[in-house]
Amino acid sequence: MSRRDLVPVGLLAIVLFVGSRLSARFLDAPYLLDTLNLYVEAGLLATGMTFVIVCGEIDLSVASTTVLVACVVSKFLGPETNPVVLVAMSVAIGSLLGLVNGALVTIGRVPSFLATLATMATYRGVAQAWLGPFSAKWPVMKGLDRAHLGNSPVPWPPVIWLLVAGAAGLVLHRTVFGRQVAAVGTNAIASRFSGLPVERTQLAVFALSGAMAGLAAVFLGSRLGVVRHDLGRGLELDAITAVVVGGTSILGGQGSMAGTVAALLLVAAAKTAMGVAGVKPEVQVTVVGVLLVLAVLAGNMAGLARRKAPTQA
Amino acid sequence: MTVLVVVAATARDPRFLSPQTLDSVLLWLPVLLVVALGQMPVIVTKGIDISVGSTVGLVAFSVGLIGKVNPSLPVPVLFASGLALGALLGSLNAVLVAIAKVPPVVTTIGTLTAFRGMAFLVAQGKQIDTNNVATALTDLGRNGVHLGPITVNWLLWLAFIPGALLAWVLARSAIGRTVYAVGGNPVAAALRGMDVKRILFSVYIWSGACAGLAGVLYLGRYGFVSAASAGVNLELNAIAAVVVGGVPVSGGSGSVLGVLAGCVLLAVVNVGLSVLGIAADWQLLAYGAVVMAALLVDAVGRRAKESSVVAA
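Order-wise, the sequence lines are chains A and B.
Quick note on our numbering: the first sequence kicks off at 78 and runs consecutively.
Quick note on our numbering: the second sequence kicks off at 149 and runs consecutively.
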């Protein structure tokens with residue numbers, strides 16, 4: 078963990094403390110752990126989003142991808158489906174939708190915020206046109222969130238997310254691919270002249286983000302048991318906020334998976350504490366939006382200070 | 149493209165080509181047009197303002213509330229307060245983008261949620277109903293200039309004011325030419341002594357002010373405002389209209405007439421969907437498909453141009 082990762086950890090401690098002052102029942106381990114189930118989808122999206130943002134891009138379509146994958150899976154797979162097939166199919170469709178984003182950005186050379194804004198509307202639009210005002214039944218693995226680790230109060234989904242994030246962290250920080258993502262995010266032109274496969278790296282991060290969105294669909298569907306077109310609205314905000322608060326530079330080039338995980342736990346704890354305090358969900362979203370802007374501001378100030386320091390010395 | 153949609157829709161149902169349909173298109177147009185006019189210079193500078201839909205919602209509700217509390221206020225005062233509130237909200241984006249150097253998409257996704265949350269706070273679970281809105285304001289949508297069987301409503305005439313202003317500024321004034329220069333190449337513009345910061349600042353305030361005006365037009369058009377739904381997805385429509393209207397996503401060029409054409413297309417698509425009896429569930433997909441198509445056409449055009457330069 079670097080020093081920047083400690084910022085969300087410190088904030089998390091403060092939020093837990095404030096939450097415990099708001100309600101005597103807030104600091105209850107089984108309650109908090111079960112609440113984490115609600116943030117597994119955002120956690121997976123943030124895990125993929127970390128790669129995208131370190132690569133200097135952004136993916137606004139993740140929540141829509143999750144909904145469309147959940148919609149396809151529940152429309153095509155029956156209750157006899159093997160869970161492995163279901164997970165594989167969800168991840169595959171998610172990656173495919175992510176590849177479309179990647180193709181728009183690399184082949185079409187459309188800025189990623191516009192390309193993924195377009196697919197954000199299109200993917201959810203397809204789900205809405207398909208399902209209409211109705212909901213579809215999620216076929217298998219219902220109630221995954223009620224499965225606990227042995228007799229402990231730890232539910233399975235957050236554990237799976239942490240394992241996925243850990244593996245993703247190794248890929249980002251310890252592999253050649255991870256270094257390439259950071260190099261492209263630092264300077265795509267210099268990376269191209271250094272012989273790095275810039276386009277392939279960009280395609281890969283969008284596919285990875287889509288794959289995470291597909292996996293998130295499994296947890297969303299299994300938790301709710303039904304799929305509607307309007308699920309998961311605003312999940313992209315939680316994900317982007319977690320990545321940026323976690324110390325990843327919004328301009329790309331550097332980031333930390335541990336920071337993303339800590340910041341997501343912070344967002345989860347903050348929303349839970351606000352819920353305990355009776356703050357309405359619409360206003361909770363506002364607080365997350367403000368947190369996002371403040372985090373980018375703080376990052377920019379720190380960057381400015383660092384750039385100014387050598388000239389003063 | 150607009151002609152294509154009209155022909156296709158008429159072929160499906162001859163009722164489409166009627167004065168009533170045209171009237172609905174003209175009534176649908178003003179709010180979108182003004183928001184798109186606000187968005188256009190932002191996109192010319194390679195930026196984006198996703199917060200406009202929430203700005204429209206917040207301003208529509210706030211101005212509705214002002215009118216409800218003071219029913220004797222004249223309509224121009226309502227317009228002035230909408231413009232001022234919109235410009236104020238836009239200045240927040242402007243400070244974050246131009247001075248604090250926060251990327252536009254992050255700034256405005258943050259303010260998108262912040263402004264929507266503020267609308268909920270202002271609304272306190274209530275709505276603005278038609279009987280809360282001055283008839284002088286809602287009449288602007290009901291009456292207008294009669295041209296044969298169709299009525300060009302007053303709201304649309306009001307929407308032409310920022311259109312004419314923007315067209316003049318972009319084509320004739322130094323600040324307008326600088327907007328194009330900053331969009332074409334911000335580094336070169338800065339090296340030539342142009343105040344890039346001031347230009348960025350201005351376009352986000354302009355976008356906010358336009359969204360503020362659109363909020364008052366929304367109030368006049370519908371007479372009903374709910375904090376949850378007013379202006380939702382409007383940013384998507386506006387961005388679609390601008391991109392379809394031929395403003396390249398790579399920045400640096402684009403015309404106001406193109407934006408007007410883009411808005412007409414979206415209005416025709418929207419009214420066409422309902423005339424053809426296609427459920428509202430298809431709307432989001434239609435908007436997304438329009439943006440995707442425009443982005444692809446833009447991308448193909450750019451590639452063709454680049455390869456011809458290489459060949460020459």
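We treat Cβ as the ideally placed atom computed from N, Cα and C, and that holds for glycine.
Small disclaimer: the values here were computed from a predicted structure and weren't measured.
Annotated as proximal: valine 131/A and glycine 329/A, with beta-carbon spacing under 8 Å.
Its chain contains Pro160, Ser299 as the residues whose beta carbon lies nearer than 6 Å to that of methionine 218/A, once the 5 sequence neighbours on both sides are disregarded; these appear in chain order. Contact note: alanine 198/A reaches chain B through Leu384, Leu432, Tyr435, Gly436, Val439, using a C-beta cutoff of 7 Å and chain order.
For valine 338/A, no chain B residue has a C-beta closer than 8 Å to its own C-beta; the minimum C-beta separation is roughly 20 Å. Per DSSP, the continuous beta strand (DSSP E) segment holding threonine 299/B begins and ends at 298-301. Residues of chain B whose Cβ lies closer than 7 Å to the Cβ of isoleucine 135/A are, in chain order, Val253. If you ignore the 5 residues before and after valine 92/A, its C-beta comes within less than 7 Å of the C-beta of Leu343, Ala346, Ala347, Ala350, all in its own chain and listed in chain order.
Counted as a single uninterrupted DSSP element, the beta strand (DSSP E) harbouring histidine 294/B occupies residues 292-295. In the DSSP annotation of this structure, the continuous segment of the alpha helix (DSSP H) that includes alanine 184/B starts and ends at 167-192.
Here the alpha carbons of valine 300/B and valine 254/B stand approximately 38 Å from one another.
Cβ contact annotation for aspartate 277/B (same chain, cutoff 7 Å, sequence separation greater than five): Phe372, in chain order. Looking from the CA of leucine 181/B, the closest CA among Ala262/B, Ala336/B, Thr169/B, Val204/B belongs to Val204/B.
Nearest C-alpha to leucine 206/B among Ala441/B, Ser229/B, Thr193/B: Ser229/B.
Under a 10 Å Cβ-count criterion, phenylalanine 153/A is classified as exposed, with fewer than 16 other Cβ atoms of the shown protein chains found around its own Cβ.
With contacts defined as CB atoms closer than 8 Å, cysteine 358/B and glycine 186/B qualify as a contacting pair. With respect to chain B, the C-beta atom of lysine 357/A has a partner C-beta closer than 8 Å. The C-beta distance from threonine 193/B to glycine 399/B rounds to 6 Å, short enough to fall under 8 Å. Going by C-alpha positions, valine 200/B is about 12 Å away from alanine 208/B.
Valine 417/B is positioned such that its CB atom lies no closer than 8 Å to that of alanine 442/B. As for any beta strand (DSSP E) of minimum length 3 sitting wholly inside the segment 293-370 of chain B, the runs are 298-301, ordered along the chain. Per DSSP, tryptophan 215/A lies in no alpha helix (DSSP H) segment and is marked neither H nor E.
Residue nearest to serine 220/B within the set Leu285/B, Asp197/B, Ala246/B is Leu285/B (criterion: CA-CA distance).
At a beta-carbon threshold of 7 Å, the residues of chain A lying near glycine 265/B are Glu359, Val360, Val362, Thr363, ordered along the chain. Boundaries cannot be given for alanine 101/A, as no alpha helix (DSSP H) includes it and DSSP labels it neither H nor E. Annotation: the segment 264-329 of chain A contains the following complete segments of the alpha helix (DSSP H) (minimum length 4 residues), in chain order: 265-270, 275-301, 312-322.
In this chain, the alpha helix (DSSP H) harbouring threonine 337/A covers 334-353. By the rule that beta-carbons nearer than 8 Å mark a contact, leucine 444/B touches chain A. Per DSSP, reduced to three states, the secondary structure at isoleucine 276/B is strand. When Cβ-Cβ separations below 8 Å define contact, isoleucine 266/A makes no contact with chain B. Non-local beta-carbon contacts of alanine 119/A in its own chain, meaning distances under 6 Å to residues more than five positions away in sequence, involve Leu312, Asp315, Ala316 in chain order. Bounds of the alpha helix (DSSP H) holding glycine 212/B are 200-217.
Straight across, the Cα-Cα distance linking leucine 368/A with threonine 318/A is about 7 Å. Note that the segment 211-227 of chain B does not touch the segment 321-328 of chain B; fewer than 3 beta-carbon pairs, one per stretch, sit closer than 8 Å.
Cβ contact annotation for valine 390/B (same chain, cutoff 7 Å, sequence separation greater than five): Ala184, Gln187, Met188, Ile191, Val407, Gly410, in chain order. Remark: C-beta atoms of valine 225/B and alanine 315/B do not approach each other more closely than 8 Å. Here aspartate 446/B is buried, its C-beta having at least 16 other C-beta atoms within 10 Å.
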